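**Q** Quick one: the structure is below, and I'll ask about it shortly.
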Amino acid sequence: MSLRKYLFAGAAAFCSSALPALADGHEIGACLITKTDINPFFVKMKEGASAKADELGISLKSYAGKVDGDHESQVAAIETCIADGAKGILLTASDTKAIVGAVQKAREAGLLVIALDTPLEPIDAADATFATDNFKAGELIGAWAKAKLGDAAADAKIAMLDLNESQPSVGVLRDQGFLTGFGIDVGDPKKWGDETDERIVGNEVTQGNEEGGRKAMENLLLKDDGINVIYTINEPAAAGAYETLKAFGKEEGVLIVSVDGGCPGVQNVAEGVIGATSQQYPLLMASLGIEAIAAWAQDGTKPENTPGLDFFDTGVNLVTDQPADGVDSISVDEGTERCWG
Amino acid sequence: MSEQATDSGDSGLTGADTRQAEFEVHNKGVLGHIQHALHVNPTLVPVIILLLSVAVFYVATDGKLLTGLAIKVTLEQTAIVGILACAQTLVILTAGIDLSVGAVMVLSYVAMGHLAVTYGVPTPLAIIGGMLVAMLCGLANGLLVTRLRLPPFIVTLGTWRIVLATVFLYTGSQSIRSQDIDAEAPALKFFGERAELFGLQFKIMGVPQIWALVLMIGVFVVGWYVLHRTAWGRHVYAVGDDAPAAELAGVATSRVLISVYVVAGAVCGLAAWAAIGRVGSISPSSFAEANLESIAAVVIGGTSLFGGRGTILGTLFGALTVGVFTTGLKLAGADPQWVLFASGCLIIVAVAIDQWIRRVSS
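Going down the list, the protein sequences come from chains R and D. In terms of full-length UniProt numbering, the first sequence has 52 at position 52, counting the first letter as 1, and numbering is strictly consecutive. In terms of full-length UniProt numbering, the second sequence has 46 at position 46, counting the first letter as 1, and numbering is strictly consecutive.
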């Protein structure tokens, strides 16, 4: 009998704790679903979304995959959001093709789905896409590296430090953008590694972290110790690659370029570890996304694309203290002020 | 099998068979003899696999695998996982498994880094603090395994996630930059490229870059000594082989198990210190697969996942084999996907050989 009493007491406690949530039921609900919640980029995104949601009185719930590529958790999160009666979803998809079915269900249930950072395939599977132009981000650092080298670009030896084996679209776009900016023929633009240009020493994967960058650079330097240009998928990988250069006594005269524009990365640009980085704005992406959901909930308006593009471009800037002719850039000071704003 | 006394002092046995206890091998042919030789020398298999890998990749890379630089890089890439694999071997010998080693290492170096760089604790104390954190994690694993009698797989699956979550929550996923460590606490990088302690650079024959390796070899030598020359080591094997029998024989199995997890934690702490030197920055997202890599090294090294069988030196060769495979494939120009593929095959082949050898005793 006493056990039953406990159960009743527990159930009563649960119900009373659930009541405030029910009372909130008339508020506008929104979901943020990111690839992981351990990447600083997504941490910033969550900060931006939470701040804007608080401001607009929207109740925000955040979900994330366990690791990059964890598709199942994201599908489950979408289903939870539909069941929860949310008005909209901000989604950074781990698997841009496979998620489309779940997104379709959400849209049919009347939710506004906005892809953040990573476009779905096809891109119109979502109501809108708020993203950095990752291809352009790569193109900027490629063009900068080429301009910096001048005539020597024709004999450059390039290391490509990519994200991971599964070639996610964000990694492919940056890689192919860099090569395009540098003036190298990319072959199939949907994958990296099929280029035949002799200036490319090789592609290695880094998992986007320092340890991976360190190892990948070692392996490429073993192939060719004359490497003088290093493309890195993000700034942690660049920091790892720099450690390898130091170990090999080659930190002078090698250009490292990267993408992200996080505050530690911009500081590395200031200190000369990274030559130039393309800065993106995750906080802005997420806060604009929340505003769009609020507008949708209010009068059913949908966000519009940037003219000439099939998504809403949240902007990208090249951050460097060594501007090159013909390549737009902002200073390190400005980059520091805006880092992941 | 025959067992006879050989003491010549007993005249009644004069002229008796003087052979010691032995197993007879009947009709097994050359293959059977090889199988037998491999069975009685468990370290031989990983050594052979390593030599074969070196030979194959030497040819496949036109000799590049054995240039000084390639050897140095391979050894350095092996060092951290090698040390972790040493901790893993201890746990696996007790018929357990420790899925948390990589995460414990990351928590330990994050603790070292934040104590030294963020809170300004003197570096030696910060290192000790990080080591203690790792040992506490080990203690928690050990207590959960022995007191709650939960399977080690489940316990460490849980603590792996708890520890990683703690790391990410605490750090906000931000790294401490290499330059900040250089400025605030250079001794954290003692095992790195430019080993410096209290302003002095330590070099061996003018080469300043091998301290993580020295540490790894040291850990293996101590591990070998402790496992094969001390009572504690024999108890570890006994607990892994047959815990109830060990208990009956007077071994305090719970205490041995707890001590194994604590020692494994301490080894993870050492790996953590070395990892800061290797990676440069203190990165919460690095070494995400270190636990699985350490298990691969142990398995390829011939230690049985069922406990009680295997040697720590086998693990050393197992870790080196993984290193040779990785460097070899990359030097040969294989795509990253194929490196992943081949390392999977390597694990299966190594365990298949191990199983084949075991059949000798059946």
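By construction, the Cβ of each residue, glycine as well, lies at the ideal position given by its N, Cα and C atoms. These numbers come from a predicted model, not from an experiment.
Is the region 124 to 140 of chain D touching the region 235 to 249 of chain D in the sense that three or more CB pairs, one from each, lie closer than 8 Å?
**A** These segments do not touch.
**Q** What is the DSSP secondary structure of Y242(R), counted as helix, strand or coil?
**A** Position 242 of the first sequence holds residue 242(R). If DSSP states are grouped into helix, strand and coil, Y242(R) belongs with the helices.
**Q** Less than 8 Å between the beta carbons of L215(D) and L125(D), yes or no?
**A** On the second sequence, residue 215(D) is found 215 positions in, with the first residue counted as 1. On the second sequence, residue 125(D) is found 125 positions in, with the first residue counted as 1. No, the pair does not count as a contact, with Cβ atoms beyond the cut-off.
**Q** Enumerated in chain order, which unbroken segments of the alpha helix (DSSP H) with a length of 4 residues or greater are wholly contained in the region 80 to 168 of chain D?
**A** Entirely contained in the region 80 to 168 of chain D, the alpha helix (DSSP H) runs reaching 4 residues are, in chain order, 101 to 113 and 123 to 147.
**Q** Let me see if you follow: with CB-CB separation under 8 Å, is T327(D) close to chain R or not?
**A** To locate residue 327(D), count along the second sequence from 1; it is residue 327. For T327(D), the answer is yes, since a Cβ of chain R falls inside 8 Å of its Cβ.
**Q** If you drop the 5 nearest sequence neighbours on each side, which residues of the same chain put their C-beta closer than 8 Å to that of R214(R)?
**A** Counting from 1 along the first sequence, the entry for residue 214(R) is found at position 214. These residues qualify, in order along the chain: G240, A241, E243 and T244.
**Q** Roughly how many whole angstroms lie between the Cα atoms of A109(R) and G88(R)?
**A** Stepping through the first sequence from its first residue, residue 109(R) is reached at position 109. Stepping through the first sequence from its first residue, residue 88(R) is reached at position 88. Roughly 10 Å separates the two Cα atoms.
**Q** Is there a Cβ from chain D that is less than 8 Å from the Cβ of N228(R)?
**A** Indexing the first sequence from 1 puts residue 228(R) at position 228. Chain D, which has no Cβ nearer than 8 Å to the Cβ of N228(R), makes this no.
**Q** Might you give, ordered along the chain, the residues of its own chain that have their beta carbon closer than 6 Å to the beta carbon of S254(D), omitting 5 neighbours on each side?
**A** Here residue 254(D) refers to the residue found at position 254 of the second sequence. Contacts found: T146.
**Q** Alpha carbon to alpha carbon, how far is M217(R) from G138(R)? Give it in angstroms, no decimals.
**A** Here residue 138(R) refers to the residue found at position 138 of the first sequence. Here residue 217(R) refers to the residue found at position 217 of the first sequence. Spanning the two alpha carbons is a distance of roughly 19 Å.
**Q** Whole angstroms are fine: how far does the CA of T301(R) sit from the CA of S258(R)?
**A** Position 258 of the first sequence, counted from the start, is the residue given in the question as residue 258(R). Position 301 of the first sequence, counted from the start, is the residue given in the question as residue 301(R). Their backbone Cα atoms lie some 37 Å apart in a straight line.
**Q** My output table needs one value for L255(R): the three-state DSSP class, helix, strand or coil.
**A** Taking the first residue of the first sequence as position 1, residue 255(R) is located at position 255. Reduced to three states, the DSSP call for L255(R) is strand.
**Q** Just to confirm the assignment, what range does the alpha helix (DSSP H) spanning F182(R) have?
**A** The count along the first sequence starts at 1 and reaches residue 182(R) at position 182. S169 to F182 is the span of the alpha helix (DSSP H), which, as asked, contains F182(R).
**Q** Can you tell me whether S287(R) is buried or exposed? The criterion is at least 16 other CB atoms within 10 Å of its CB, across all chains shown.
**A** What you label residue 287(R) is simply residue 287 of the first sequence in a count that begins at 1. So S287(R) counts as buried.
**Q** Report the rounded CA-to-CA distance for L227(D) versus G113(D), giving the unit in angstroms.
**A** Indexing the second sequence from 1 puts residue 227(D) at position 227. Indexing the second sequence from 1 puts residue 113(D) at position 113. Roughly 32 Å between the two C-alpha positions.
**Q** Does the beta-carbon of G265(D) have 16 or more other beta-carbons within 10 angstroms, so that it is buried, or is it exposed?
**A** In the second sequence, residue 265(D) corresponds to position 265, counting from 1. G265(D) comes out buried.
**Q** Compare the C-beta of P307(R) against all C-beta atoms of chain D and say whether one is closer than 8 Å.
**A** Along the first sequence, read from residue 1 onward, the residue named residue 307(R) stands at position 307. It does not; no Cβ of chain D falls within 8 Å.
**Q** So N39(R) contacts chain D; which residues on that side make the cut at Cβ distance below 9 Å?
**A** The count along the first sequence starts at 1 and reaches residue 39(R) at position 39. S173 and S285, listed in chain order.
**Q** Are the C-beta of G193(R) and some C-beta of chain D separated by less than 8 Å?
**A** The residue labelled residue 193(R) in the question sits at position 193 within the first sequence. Yes, contact with chain D.
**Q** Do A85(D) and A231(D) come within 8 Å of each other at the CB atom, strictly closer than that value?
**A** Position 231 of the second sequence holds residue 231(D). Position 85 of the second sequence holds residue 85(D). In this structure, A85(D) does not lie closer than 8 Å to A231(D) by Cβ.
**Q** Run down chain D in chain order and give the residues with a C-beta less than 7 Å from the C-beta of K215(R).
**A** Looking up residue 215(R) in the first sequence gives position 215. Ordered by position in chain D, the residues that pass the 7 Å Cβ test against K215(R) are Q77.
**Q** List, in chain order, every chain R residue whose beta-carbon is nearer than 8 Å to that of A85(D).
**A** Counting from 1 along the second sequence, the entry for residue 85(D) is found at position 85. Those do not exist, as A85(D) stays about 16 Å from chain R at its closest Cβ, beyond 8 Å.
**Q** Three-state secondary structure (DSSP) at C31(R)?
**A** Taking the first sequence and counting its residues from 1, the one referred to as residue 31(R) is at position 31. Of the three classes helix, strand and coil, the one that applies to C31(R) here is strand, per DSSP.
**Q** Exposed or buried, I154(D), counting other C-beta atoms within 10 Å across all chains shown (16 or more means buried)?
**A** Counting from one through the second sequence, the residue named residue 154(D) turns up at place 154. Answer is exposed; the Cβ neighbour count stays below 16.
**Q** What distance in whole Å lies between the Cβ atoms of V104(D) and V40(D), which are believed to be in contact at a cut-off of 8 Å?
**A** Mapped onto the second sequence, residue 40(D) falls at position 40. Mapped onto the second sequence, residue 104(D) falls at position 104. No, V40(D) and V104(D) are not in contact; Cβ-Cβ is about 35 Å, not under 8 Å.
**Q** Leaving out the 5 sequence neighbours to the left and right, which residues in its chain are closer than 7 Å to E334(R) when beta-carbon positions are compared?
**A** Here residue 334(R) is taken as the residue at index 334 of the first sequence, counted from 1. Within the same chain, E334(R) has no close Cβ partners at all.
**Q** How should I80(D) be labelled, buried or exposed, when 16 other C-beta atoms within 10 angstroms of its C-beta is the threshold for buried?
**A** Here the question's residue 80(D) lines up with position 80 in the second sequence. Buried.
**Q** Taking CB distances under 8 Å as the criterion, tell me whether Q207(R) reaches chain D.
**A** Here residue 207(R) corresponds to residue number 207 of the first sequence, with the count starting at 1. Yes, contact with chain D.
**Q** Can you tell me whether DSSP reads I330(R) as helix, strand or coil?
**A** Along the first sequence, one-based indexing puts residue 330(R) at 330. Strand at I330(R).
**Q** Spell out the partners DSSP gives T232(R) in its beta bridges.
**A** By one-based count along the first sequence, residue 232(R) stands at place 232. In DSSP, T232(R) forms a bridge with L161(R).
**Q** Using DSSP bridges, identify the partner residues of E204(R).
**A** The residue labelled residue 204(R) in the question sits at position 204 within the first sequence. For E204(R), which the question treats as bridged, DSSP gives the partners L161(R).
**Q** Can you check which of these residues, V332(R), I28(R), E304(R) and D321(R), is closest to T129(R) by C-alpha distance?
**A** The count along the first sequence starts at 1 and reaches residue 129(R) at position 129. The option with the nearest alpha carbon to T129(R) is E304(R).
**Q** Short of 7 Å in beta carbon distance, which residues of its chain neighbour F168(D), apart from the five on each side in sequence? Order them along the chain.
**A** As a position in the second sequence, residue 168(D) is number 168, starting the count at 1. Closer than 7 Å at the Cβ level, and outside the excluded window around F168(D), lie P284.
**Q** Taking just the CA atoms, how far does G96(D) sit from A23(R)?
**A** The sequence position of residue 23(R) within the first sequence is 23, counting from 1. The sequence position of residue 96(D) within the second sequence is 96, counting from 1. Bear in mind that a pLDDT of 42 at A23(R), under 50, signals an unreliable position, so the number given afterwards is only what the model happens to contain. In a straight line, the C-alpha of A23(R) is about 49 Å away from that of G96(D).
**Q** Which chain C residues sit within Cβ distance under 7 Å of V73(D)?
**A** Of the chains in the structure shown, none is chain C; the protein chains are R and D.
**Q** So, is the C-beta of V279(D) closer than 8 Å to a C-beta in chain R?
**A** Residue numbering aside, residue 279(D) sits at position 279 when the second sequence is read from its first letter. By this cut-off, V279(D) is an interface position.
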